[in-house]
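S.K.: Sharing a structure below in structure tokens format, with a few things to ask.
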Amino acid sequence: MPTFATTRPLASPNLSLVDSWPNLGTSRQAALSIPSIKNARDLIVGAAVQIAPQRYRGAELIQAGRLLEQPDPDSTWQATLAGTLEDLIFDGTAYWVVLARDGEATERNPDGLPVRARWIPCADVELELDRNAGSYARLEGYRIAGIRGVVDPENVIRFDSPLAAVLRAGAETITATRELEDAANRNAATTIPAGTLTNEGAEVSEEEAEELVARFEAQRLEHGVAFLQGLTYERQQLSAEDLELVAARANAATDAARLTNMPVAMISASPSGGASAMLYANLGAQLTLMVSSAVAPYLVAIAATLSLDRVTPRGQRVAFDVATFLRSDPAELRTHVLELLAAEVITTDEARAMLGLTAAGAAAEAATPERTV
């Protein structure tokens, strides 16, 4: 098992064995400072942490196990999943380091299967690769900040996103959107209308002109008026509309939705660049579209990795209960349960359990006046 130690964090790793995307230097902090991208990230993570992971043996639903309930003894499943998802969204790769195993040795897993694991930020992980490009397996191990030496690949669970990393595929979009946000902030922070000072007296030097402008700005900010001698001030009628900031920021929000596969209405964007309304009538359809296009690809990648033979016993698989989340609307859930009950797929007690009600017998017993506690 790995030994933890305090070390200097490693530089950002090469996130894939074959990486064709250019590194344009876009940071996650810059991306999350853009409201539409942060909103999309929060919607993806917020939906995913509400979808329960489940374990199956064939078609039989079995106990999820500690690795799917609380892999990190110092954190919750939701926090571990959120960190994993954010790494997958922005960098395309996420890592868990194995902390403990069940000790049940098999031919494939002599040390047993993982029962405890901790999410490690991908920026703290560096790949150790064989320089021979013709090697069958080039990955020799990982260097992880806080762990001495090279960590064996068997002690690291690596998740790879099926989608292009946002920081790489969307580097140019993020940079342009960040420049738009900065321009909007500058326009909002200007308390003095844009204008021009014209010298109608003796010629002044460049330094004197800069001093005149600075004194004019200071007087306007402090007193609201300024005294001009030998100068005239002409206000320039410039606004956010003139600079096309409003339309450009609307288009940037739409690009952020496209970048994250988020339905434009979910982040108040639209295909035409303007705002669009999301009504209760189309909420279910929008939610289904969001989960299927923006959330499910990451959950499928996580479930597939956790279903590998070196993580889960052979014959078992991990899946996320997406259907229950999509039926969270009470009216839709009631209709679904009644249809299953009418088709005799479930019993009355199972139907009541799905609706959050006690079993019929227990409810009748609780309502009996003679019952004592």
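Sequential numbering from 11 applies to the sequence shown in the working numbering. Glycine residues also receive a C-beta, built at the ideal position from the N, C-alpha and C atoms. As the structure is a computational prediction, the values presented were derived from the model and not from experiment.
(1) From the DSSP output, in three-state form, read off Thr264 for me.
(2) Please report how far the alpha carbon of Leu123 lies from the alpha carbon of Pro323, in whole angstroms.
(3) From the DSSP output, in three-state form, read off Ala62 for me.
(4) Restricting to Cα atoms, I'd like to know which of Ala219, Arg320, Glu220 and Ala212 is closest to Gly240.
(5) Shortest alpha-carbon distance to Phe330 belongs to which of Glu216, Leu78, Thr358 and Glu96?
(6) For Tyr308, does the three-state DSSP call read helix, strand or coil?
(7) Note down the Cα distance separating Ser85 from Ala127, rounded to an integer number of angstroms.
(8) What span of residues does the alpha helix (DSSP H) with Val176 cover, start to end?
(9) Within the same chain, show all residues whose beta-carbon is closer than 6 Å to that of Asp97, passing over the 5 residues directly before and after it, in chain order.
(10) What number of angstroms, rounded off, separates the C-alpha of Leu119 from the C-alpha of Phe335?
(11) Please return the same chain residues whose Cβ sits closer than 6 Å to the Cβ of Val161, not counting the five positions on each side in sequence.
(12) So for Arg158, helix, strand or coil by DSSP?
(13) Run through DSSP, which three-state label would Ala147 get?
(14) One question on the structure: do Tyr66 and Gln326 come within less than 8 Å of each other, judged by their Cβ atoms?
(15) Mind reading off the beta-carbon distance from Leu53 to Gln64? Whole number of angstroms is fine, and I expect it under 8 Å.
(16) Report yes or no: do the region 34-53 and the region 181-190 share at least 3 C-beta pairs separated by less than 8 Å?
(17) Quick one: grab the DSSP three-state call for Glu114.
M.R.: Based on what the coordinates show:
(1) helix
(2) 8 Å
(3) Annotated three-state conformation of Ala62 is coil, per DSSP.
(4) Ala212
(5) If you compare the alpha carbons of Glu216, Leu78, Thr358 and Glu96 with that of Phe330, the shortest gap goes to Leu78.
(6) helix
(7) Between Ser85 and Ala127, the C-alpha separation is close to 10 Å.
(8) Val176 to Ala179
(9) Ala104 and Cys132
(10) A quick correction: the sequence has Asn, not Leu, at residue 119. Between Asn119 and Phe335, the C-alpha separation is close to 34 Å.
(11) Excluding residues up to 5 positions away in sequence, Pro12, Gly151, Tyr152 and Ile154 lie with their Cβ nearer than 6 Å to the Cβ of Val161 in the same chain.
(12) coil
(13) Reduced to three states, the DSSP call for Ala147 is coil.
(14) yes
(15) That pair is no contact at about 23 Å.
(16) Cβ pair count under 8 Å is three or more, so yes.
(17) Reduced to three states, the DSSP call for Glu114 is coil.
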